[in-house]
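J.:
Numbering (this note's numbering), first residue to last: 191 to 354.
1) DSSP three-state call for residue 249: helix, strand or coil?
2) According to DSSP, simplified to helix, strand and coil, what is residue 234?
3) Note down, in chain order, each residue of its chain lying with its Cβ closer than 6 Å to the Cβ of residue 274, except the 5 sequence neighbours on either side.
4) Going by alpha carbons, who is nearest to residue 262 out of 288, 309, 342 and 349?
5) Give me, in chain order, the residues of the same chain whose beta-carbon lies closer than 7 Å to that of residue 226; leave out the 5 immediate sequence neighbours on both sides.
6) Report the residue from 338, 344, 352 and 333 whose alpha carbon sits nearest the alpha carbon of residue 257.
7) Check whether the Cβ atoms of residue 335 and residue 305 sit closer than 8 Å, and answer yes or no.
8) Are the Cβ atoms of residue 270 and residue 214 separated by less than 8 Å?
9) Once you ignore the five residues that flank residue 251 on each side, which residues in its own chain have a CB closer than 6 Å to its CB?
10) Are residue 281 and residue 322 close, meaning C-beta to C-beta below 8 Å?
11) Measuring alpha carbon to alpha carbon, tell me which residue in 239, 285, 302 and 330 is nearest residue 348.
12) Under DSSP, the beta strand (DSSP E) around residue 321 begins and ends at which residues?
13) Can you tell me which residues form a DSSP beta bridge with residue 266?
14) Hey, would you say residue 329 sits closer than 8 Å to residue 279, going by beta carbons?
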């Protein structure tokens, strides 16, 4: 969306993704979605209620994950107001400035803890260490995943410091 905003391009997206646009206090200047095609669903009341409920839940989930990331000192790409995933910089969470970073080690630790995060290298991110996290799971599930991610970060730092 930043590319679209920068060059004033209109993005045409599928309905389900586009209708997930939600409120984000960190992205007050983000583009809103304008729905220009008629919905295939015939029950307008149900459709409107469903879309609004989905947007509200997604916004709450975003606040939940970003609060945790801030508490852990894990940088993320702010400014999103649509979708269900967030880009996080785990490299910055596991290394100090100027330190070597072992991307394969981090990926193997994530796999060992059964955390499947999307390596952002596959999504036009050229910098190692960025991953995509789906944040719209149930909060109890997310808390379990946060515990696993905290363990991965701790183990990586232990390996880095020669303690593991």
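Built from N, CA and C at the ideal position, the CB exists for glycine as well.
T.: The answer reads as follows:
1) The count along the chain shown starts at 1 and reaches residue 249 at position 59. Residue 249 falls in the helix class under three-state DSSP.
2) The residue you call residue 234 lines up with position 44 of the chain shown. DSSP places residue 234 in helix when its eight states are reduced to three.
3) Position 84 of the chain shown holds residue 274. The answer, listed in chain order, is 324 and 326.
4) Here the question's residue 262 lines up with position 72 in the chain shown. Checked all of 288, 309, 342 and 349; the closest Cα to residue 262 is 342.
5) As a working note, residue 226 is residue 36 in the chain shown. Bear in mind that the predicted position of residue 226 carries a pLDDT of just 47, short of 50, making it too unreliable to give a figure here.
6) Here the question's residue 257 lines up with position 67 in the chain shown. Closest option to residue 257, Cα to Cα, is 333.
7) Residue numbering aside, residue 335 sits at position 145 when the chain shown is read from its first letter. Residue numbering aside, residue 305 sits at position 115 when the chain shown is read from its first letter. Yes, these two residues count as a Cβ contact at 8 Å.
8) On the chain shown, position 80 is the one that residue 270 refers to. On the chain shown, position 24 is the one that residue 214 refers to. Yes, the Cβ-Cβ distance between residue 270 and residue 214 is below 8 Å.
9) Walking along the chain shown from the start, residue 251 turns up at place 61. The answer, listed in chain order, is 325 and 326.
10) Here residue 281 refers to the residue found at position 91 when the chain shown is read from its first residue. Here residue 322 refers to the residue found at position 132 when the chain shown is read from its first residue. Their beta carbons are not under 8 Å apart, which means residue 281 does not touch residue 322 by this criterion.
11) As a first step, residue 348 must be located in the chain shown, where it is residue number 158. The shortest C-alpha separation from residue 348 is found at 285.
12) For the purposes of this step, residue 321 is taken as residue 131 along the chain shown, with counting starting at 1. Start and end: 320–324.
13) Counting from 1 along the chain shown, the entry for residue 266 is found at position 76. Residue 266 is bridged to 278.
14) Translated into the one-based positions of the chain shown, residue 329 becomes position 139. Translated into the one-based positions of the chain shown, residue 279 becomes position 89. The answer is no: Cβ separation not under 8 Å.
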